[in-house]
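Below you'll find the structure, written out as structure tokens, and then a few comments.
In our numbering, the protein residues as written are 28 to 262.
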């Protein structure tokens, strides 16, 4: 008697540095494909946020890993900004974890191996039918190395700083291009040089430079790749 082997739900990974449009693309792909969405960066932002709120030192790996393991977090999709809201112990902290300071804290805790290990299983638990779009920095290399589709977005540092500048100004937050460019460069260096899961494309990833592309162009390219890998019908 033959046994039916169930294949895991398909996964599309969207990796890359900050400011390349990963979050927007991942959200649009999830909507178009009818898949679930994982914003892995939000998990690291939440660890950093909760650590700072609790007064935990960022050079205490054991304490940071404990926070990662015990996160009482819930993601709720909606039409607001950001479209995926984050709640910790029932309290919406979405705006708190989207500040520049929270981004810097996320990069710091993401470099801690014990934190990455603590969050690994939690991220993989998002892989349920009908499928998952996973947005992050090591989705295609570490978390879902067997993903059917792996995308890696890039853009020039200048373009990324300009995009972030416009986002902050639109929200009434004071910012300067010089400071943002310096912060992006430092975060890129830290993410690419960390010992565990450094930022880099997977060997089988499709690299897309979004510097001069509209989000519609990027989405069209992503759907072409997904169709070629059998994840969705050809557009």
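For each residue, glycine too, the CB sits at the ideal point set by N, CA and C. Keep in mind the model is a prediction, meaning the values are calculated, not measured.
Assuming residue 198 is part of the beta strand (DSSP E), what are its boundary residues?
Stepping through the chain shown from its first residue, residue 198 is reached at position 171. Looking at the DSSP string, residue 198 is not in any beta strand (DSSP E), and its letter there is neither H nor E.
Can you give me the C-alpha to C-alpha distance between residue 144 and residue 223, rounded to a whole angstrom?
Residue 144 sits at position 117 when you count from the first residue of the chain shown. Residue 223 sits at position 196 when you count from the first residue of the chain shown. Rounded to whole angstroms, residue 144 to residue 223 spans 10 Å at the Cα level.
Looking at C-beta atoms only, is the number of pairs between the region 172–180 and the region 39–56 that lie closer than 8 Å three or more?
Yes, they touch.
Using only the alpha-carbon positions, how far apart do residue 80 and residue 257 sit?
Working through the chain shown from its first residue, we reach residue 80 at position 53. Working through the chain shown from its first residue, we reach residue 257 at position 230. About 44 Å.
With contact counted as at least three CB pairs below 8 Å, one residue from each stretch, are the region 196–216 and the region 232–243 in contact?
Taking a contact to require three or more Cβ pairs closer than 8 Å, the region 196–216 and the region 232–243 do not qualify as touching.
In the DSSP assignment, what residue or residues form a beta bridge with residue 118?
Here residue 118 refers to the residue found at position 91 when the chain shown is read from its first residue. DSSP lists 115 as partners of residue 118.
Ends of the beta strand (DSSP E) at residue 123?
Walking along the chain shown from the start, residue 123 turns up at place 96. Here residue 123 belongs to no beta strand (DSSP E), and DSSP marks it neither H nor E.
Could you tell me whether the Cβ atoms of residue 160 and residue 64 are closer together than 8 Å?
What you label residue 160 is simply residue 133 of the chain shown in a count that begins at 1. What you label residue 64 is simply residue 37 of the chain shown in a count that begins at 1. Yes, the pair counts as a contact, with Cβ atoms nearer than the cut-off.
Inside the region 172–227 only - alpha helix (DSSP H) runs reaching at least 4 residues:
184–197 and 204–220
Give the list of continuous beta strand (DSSP E) stretches no shorter than 3 residues that lie fully inside the region 39–98.
DSSP runs (the beta strand (DSSP E)) wholly in the region 39–98: 63–66.
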